[in-house]
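So the sequence lines, in the order shown, correspond to chains A and B. Heads up: the first sequence at position 165 corresponds to 165 in full-length UniProt numbering, and the numbers run straight through without jumps. Heads up: the second sequence at position 289 corresponds to 289 in full-length UniProt numbering, and the numbers run straight through without jumps. Taking it in order: structure first as structure tokens, then the write-up.
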Amino acid sequence: MLDANPEGYTTADGRKIGGVLMEMRNITLRFGGVKAITDISFDIREGEIRAIIGPNGAGKSSMLNVISGFYVPQEGEVWFHGQRRAPMKPYEVARQGIARTFQNIALFDGMSVLDNIMTGRLTMMKTGLFSQALWWGRAQAEETEHREKVERIIDFLEIQSIRKTPVGRLPYGLKKRVELARALAAEPKLLLLDEPMAGMNVEEKEDMSRFILDVNDEFGTTIALIEHDMGVVMDLSDRVVVMDYGKKIGDGTPDEVRANQAVIDAYLGVAHD
Amino acid sequence: MFYREAGDFKTSYKDDSQTFPIRFDRRGYYAALLLGFAVLPFLLNDYWTNAVFIPFLIYAIAALGLNILVGYCGQLSLGTGGFMAVGAYACYKLTTAFPDINIVFHILAAGVITAGVGVLFGLPSLRIKGFYLAVATLAAQFFLVWLFNRVPWFYNYSASGQISMPERTVFGIPVTGAQVAPWAGYLVCLAFVVLLAWMARNLTRGATGRKWMAIRDMDIAAEIIGVNPLRAKLTAFAVSSFYVGIAGALFFSVYLGAVEVGEAFGIEKSFAVLFMIIIGGLGSIFGSFAGAAFMVVLPVLIKLVLVDSWGWPTDLAAHIRLMIVGALIIIFLIAEPHGMAQLWRLAKEKLRLWPFPH
Ligand SMILES: Nc1ncnc2c1ncn2[C@@H]1O[C@H](COP(=O)(O)OP(=O)(O)OP(=O)(O)O)[C@@H](O)[C@H]1O
Ligand SMILES: [Mg+2]
């Protein structure tokens, strides 16, 4: 049992997983009469890759939206870094070190790839308006400093050749990658990925899986991801939460979840695309 | 001299983010500066200075300002005329209250005051968007004109209800008032234009510009990367109004000399500046200039050709002008939302590859 080692554990492949980073306690979220999430609790440990799976409409995206501050649950508590989080706006959540990507890509279409990724660092850019307008000392130095960080991410995700391309012109798969780059640029503590591989071909999925593993490995970023492709989920994740109709029906390692009868009935048994 | 970036390698990120990455553009820019400051003042006659160049420069400032708000931050405003009026009246009140302080400072201060007023009227933008925000700014437009008409304090209780600019000098040379030489007013406007365009360029290529564009392109995604939407929008309102206020102050003090608010800063002004940025190019510094030039030169050109050369009646020529502007706006909105600036960019892209198309 994982709860038996609150200080963390070591995975089969030798990665160190730490204590609890984020904890959802008895979250309930309603839209009018519709209960999108019913009394769900789970935690995300430091350094972990945590998957959230479940059939369409299970409430997975809603859960990410609760974490990132878009939805305020009617009941329940969100704990981050061992502290109860007061309800806050999405931009405040971002400043706490939580970055995310969206199920339907949410990039800035009118801007270049480079500018899109640079936006990921906005919270860290502190020069005042006046200094920026005059492009004096600090503003220029700051721009260059952050540009260097962003170039490293561009290299890391192998998108050097499209740096200056307007995002609107990119194919779907590359857009997903740029969105990941923008989230990474924020150097988040916790990275939320909503179906990072949806609509990709096998090769693109392999690339994306490799990037996710590398991010986790190299930067030690904690990752929570939603994914429909069971093969990918089983390969990538350390622990899996299974949702169905807004309820949690399973939670554990991929092997445990795979063996769970409720999960097999509700999810794996259901015909899925 | 070829239009190429080849052989013009950037070895640092600083070089790569400069304003004119291609050497040819950079040289063209310095040539234009030299022409504007050192050559044109000697060449231009009074008619061209007063009818074309001064209004062009002032409208370019207003267009830059509106473009920051509409083109970069995506917040539609129909209050430009009203905010220009704020700049004009602020300048008037300041220069009549403190006649010994240099007019340049009053014009800058008028910009700052207008920025404050802009922020005030920008507050609803957190809650309302698009069409509704446009209506709110339209209300600001009518309210401001009404205010300056109704409260005699603003026009120093003058019998006519107008404000008129006393003579003011810069370095001992009159730049406003009856005795002013057109080239002096021109140089003042040019100096403001160069400074403000350069500042606009700096703001839009850096962190602030990215915040604005993020809000414009997708406001939820902007929030998720940590942009406070209200702050970003209010900064856009402030900076935009600062520009528009300076344009209004110059329009009154240097260009018109005397102003009746409804006539000079009515709703037509708001639309005229909006048309400039639509035709010139939303979200483009160059487009602000192109649009201002087009809207200022077009009537002059029509008058020269249709009325003076071909002898057409003036009112017919005026109608033709409106039809041209109307048609162009529709064409640009449908076919090329980035305006003349985008056409220019595409032409340059072609030129960069010429004569090998791939
Ligand atoms: N803003 C909203 N207003 C009303 N209902 C909503 C809203 N967002 C989600 N829902 C409802 O909540 C339920 C869960 O939706 P959610 O998007 O979280 O599912 P999901 O698990 O992400 O599904 P998918 O796999 O299709 O992405 C659905 O019934 C959905 O219709
Ligand atoms: Mg979803």
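Quick reminder that beta carbons are idealized off the backbone N, C-alpha and C, glycines included.
Spatial neighbours of B:Leu-69 in its chain, beta-carbon cut-off 6 Å, leaving aside the 5 residues before and after
For this step, residue 69 of chain B is matched to residue 69 along the second sequence. Same-chain partners within the cutoff: Gln-75, Ser-77, Ala-236, Ser-240.
Segment limits, alpha helix (DSSP H) that includes A:Asn-65
Mapped onto the first sequence, residue 65 of chain A falls at position 65. Start and end: 60-67.
DSSP beta-bridge partners of B:Arg-231:
As a working note, residue 231 of chain B is residue 231 in the second sequence. Paired residue(s): none; B:Arg-231 is not in a bridge.
Of all Cβ atoms in chain A, is any one closer than 7 Å to the Cβ of residue 362 of chain B?
Any property of residue 362 of chain B remains undetermined from this structure, which presents chain B solely from 1 to 358.
Note down, one range per segment and in chain order, each alpha helix (DSSP H) of at least 4 residues found wholly within the stretch 26-60 of chain B.
40-43, all fully within the stretch 26-60 of chain B.
Nearest candidate by alpha-carbon position, reference A:Leu-129, set A:Ala-139, A:Gly-120, A:Val-263
Counting from 1 along the first sequence, the entry for residue 129 of chain A is found at position 129. Closest by alpha carbon: A:Ala-139.
At which residues does the beta strand (DSSP E) containing A:Ala-36 begin and terminate?
By 1-based counting over the first sequence, the position of residue 36 of chain A is 36. Going by DSSP, A:Ala-36 is part of the beta strand (DSSP E) stretching over 34-45.
Report yes if the C-beta distance between B:Gly-281 and B:His-338 is below 7 Å; otherwise report no.
Mapped onto the second sequence, residue 281 of chain B falls at position 281. Mapped onto the second sequence, residue 338 of chain B falls at position 338. Yes, the pair counts as a contact, with Cβ atoms nearer than the cut-off.
Could you pull out every residue in the same chain whose Cβ sits closer than 7 Å to the Cβ of A:Leu-213, ignoring the five residues on either side in sequence?
In the first sequence, the residue the question calls residue 213 of chain A occupies position 213. Excluding sequence neighbours, A:Leu-213 sits near Leu-236.
Cβ-based neighbour list, A:Asp-273, same chain, cut-off 6 Å, excluding 5 preceding and 5 following
Along the first sequence, read from residue 1 onward, the residue named residue 273 of chain A stands at position 273. Low local confidence applies: a pLDDT of 41 at A:Asp-273 is under 50, so the model's placement there is unreliable, with the coordinate-based value given in what follows. Cβ neighbours of A:Asp-273 beyond the five flanking positions: none.
If the cut is a Cβ gap below 8 Å, which residues of chain A does B:Glu-223 touch?
Sequence index remark: in the second sequence, residue 223 of chain B carries index 223 (1-based). Per Cβ cutoff of 8 Å: Lys-89, Pro-90, Tyr-91, Ala-94.
For a contact defined as C-beta to C-beta under 7 Å, what are the partners of A:Phe-156 on chain B?
Here residue 156 of chain A refers to the residue found at position 156 when the first sequence is read from its first residue. Neighbours of A:Phe-156 across chain B, judged by C-beta separation under 7 Å, do not exist; the nearest C-beta is about 17 Å away.
Can you tell me where the alpha helix (DSSP H) holding A:Arg-147 begins and where it ends?
Residue numbering aside, residue 147 of chain A sits at position 147 when the first sequence is read from its first letter. A:Arg-147 -> alpha helix (DSSP H) spans 137-156.
May I ask which residues mark the beginning and end of the alpha helix (DSSP H) holding B:Pro-182?
Here residue 182 of chain B corresponds to residue number 182 of the second sequence, with the count starting at 1. Counting along the chain, B:Pro-182 sits inside the alpha helix (DSSP H) bounded by residues 182-205.
Should A:Thr-11 go down as buried or exposed, given a rule of 16 or more other Cβ atoms within 10 Å for buried?
Sequence index remark: in the first sequence, residue 11 of chain A carries index 11 (1-based). It counts as exposed.
Helix, strand or coil for residue 377 of chain B, going by three-state DSSP, please let me know.
Any property of residue 377 of chain B remains undetermined from this structure, which presents chain B solely from 1 to 358.
Alpha helix (DSSP H) segments (min. 4 residues) lying fully within the stretch 250-295 of chain B:
Segments of the alpha helix (DSSP H) lying fully in the stretch 250-295 of chain B: 261-264, 267-280.
Three-state class that DSSP yields for B:Phe-332 in the structure shown
Residue 332 of chain B sits at position 332 when you count from the first residue of the second sequence. In this structure, B:Phe-332 counts as helix in the three-state DSSP scheme.
Could you check the C-alpha separation between A:Thr-253 and A:Ile-52 for me, to the nearest Å?
Counting from 1 along the first sequence, the entry for residue 253 of chain A is found at position 253. Counting from 1 along the first sequence, the entry for residue 52 of chain A is found at position 52. If I take the Cα positions, the gap works out to 12 Å.
Would you list the one or two residues that DSSP bridges to A:Leu-190?
Within the first sequence, the letter at position 190 stands for residue 190 of chain A. Looking at the DSSP assignment, A:Leu-190 forms a beta bridge with A:Ile-98, A:Thr-222.
With 16 other CB atoms within 10 Å as the buried threshold, where does residue 363 of chain B fall?
Residue 363 of chain B is absent from the model: chain B starts at 1 and stops at 358.
In or out: A:Pro-188 buried (at least 16 other Cβ within 10 Å) or exposed?
On the first sequence, position 188 is the one that residue 188 of chain A refers to. Counting of Cβ neighbours within 10 angstroms places A:Pro-188 among the buried residues, the total reaching 16 or more.
CB of B:Ile-277 within 7 Å of CB of B:Asn-67, strictly:
What you label residue 277 of chain B is simply residue 277 of the second sequence in a count that begins at 1. What you label residue 67 of chain B is simply residue 67 of the second sequence in a count that begins at 1. For B:Ile-277 and B:Asn-67, yes; Cβs fall inside 7 Å.
Which of the three DSSP states is assigned to B:Ser-160 in this structure?
Translated into the one-based positions of the second sequence, residue 160 of chain B becomes position 160. It is coil, neither helix nor strand.
Can you list, in chain order, every residue whose CB sits closer than 6 Å to a heavy atom of ligand 4?
Judged by which ligands are present, ligand 4 is missing from the structure shown, whose ligands are ligand 1 and ligand 2.
Using a Cβ-Cβ cut-off of 7 Å, state whether B:Arg-210 counts as contacting chain A.
Here residue 210 of chain B refers to the residue found at position 210 when the second sequence is read from its first residue. It does: the Cβ of B:Arg-210 has a partner Cβ on chain A nearer than 7 Å.
Count the other C-beta atoms from every protein chain shown that fall within 10 angstroms of the C-beta of B:Ala-159, then say buried if there are 16 or more, exposed otherwise.
Looking up residue 159 of chain B in the second sequence gives position 159. Answer is exposed; the Cβ neighbour count stays below 16.
Roughly how far, in whole angstroms, is the beta-carbon of A:Lys-248 from the beta-carbon of A:Phe-42, given that I think they are within contact range, below 8 Å?
On the first sequence, position 248 is the one that residue 248 of chain A refers to. On the first sequence, position 42 is the one that residue 42 of chain A refers to. Beta-carbon to beta-carbon, A:Lys-248 and A:Phe-42 are separated by about 7 Å, close enough to satisfy the 8 Å threshold.
Between the C-alpha atoms of A:Gly-120 and B:Lys-303, what's the straight-line distance to the nearest angstrom?
Residue numbering aside, residue 120 of chain A sits at position 120 when the first sequence is read from its first letter. Residue numbering aside, residue 303 of chain B sits at position 303 when the second sequence is read from its first letter. The alpha-carbon atoms of A:Gly-120 and B:Lys-303 are separated by roughly 52 Å.
Validate contact between the stretch 91-110 of chain A and the stretch 198-206 of chain B using beta carbons, cut 8 Å, 3 pairs:
No: the two stretches stay apart, fewer than three of their Cβ pairs being nearer than 8 Å.
Tell whether a beta-carbon distance below 7 Å holds between A:Ser-62 and A:Leu-29.
As a first step, residue 62 of chain A is located in the first sequence; it is residue number 62 there, counting from the start. As a first step, residue 29 of chain A is located in the first sequence; it is residue number 29 there, counting from the start. In this structure, A:Leu-29 lies closer than 7 Å to A:Ser-62 by Cβ.
Classify A:Ala-58: buried if its beta carbon has 16 or more other beta carbons within 10 angstroms, exposed otherwise.
Within the first sequence, the letter at position 58 stands for residue 58 of chain A. The residue is buried, with at least 16 neighbouring Cβ atoms inside 10 Å.
Assign residue 326 of chain A to buried or exposed, taking buried as 16 or more other Cβ atoms, counted over all protein chains shown, within 10 Å of its Cβ.
What the structure shows of chain A is the stretch from 1 to 273, and residue 326 of chain A is not part of that stretch, so it cannot be assessed.
Using a beta-carbon distance below 7 Å, is A:Ala-36 in contact with chain B?
Taking the first sequence and counting its residues from 1, one reaches residue 36 of chain A at position 36. Not one chain B Cβ lies under 7 Å of A:Ala-36.
Exposed or buried, A:Ser-161, counting other C-beta atoms within 10 Å across all chains shown (16 or more means buried)?
Position 161 of the first sequence, counted from the start, is the residue given in the question as residue 161 of chain A. With fewer than 16 Cβ atoms within 10 Å of its Cβ, A:Ser-161 is classed as exposed.
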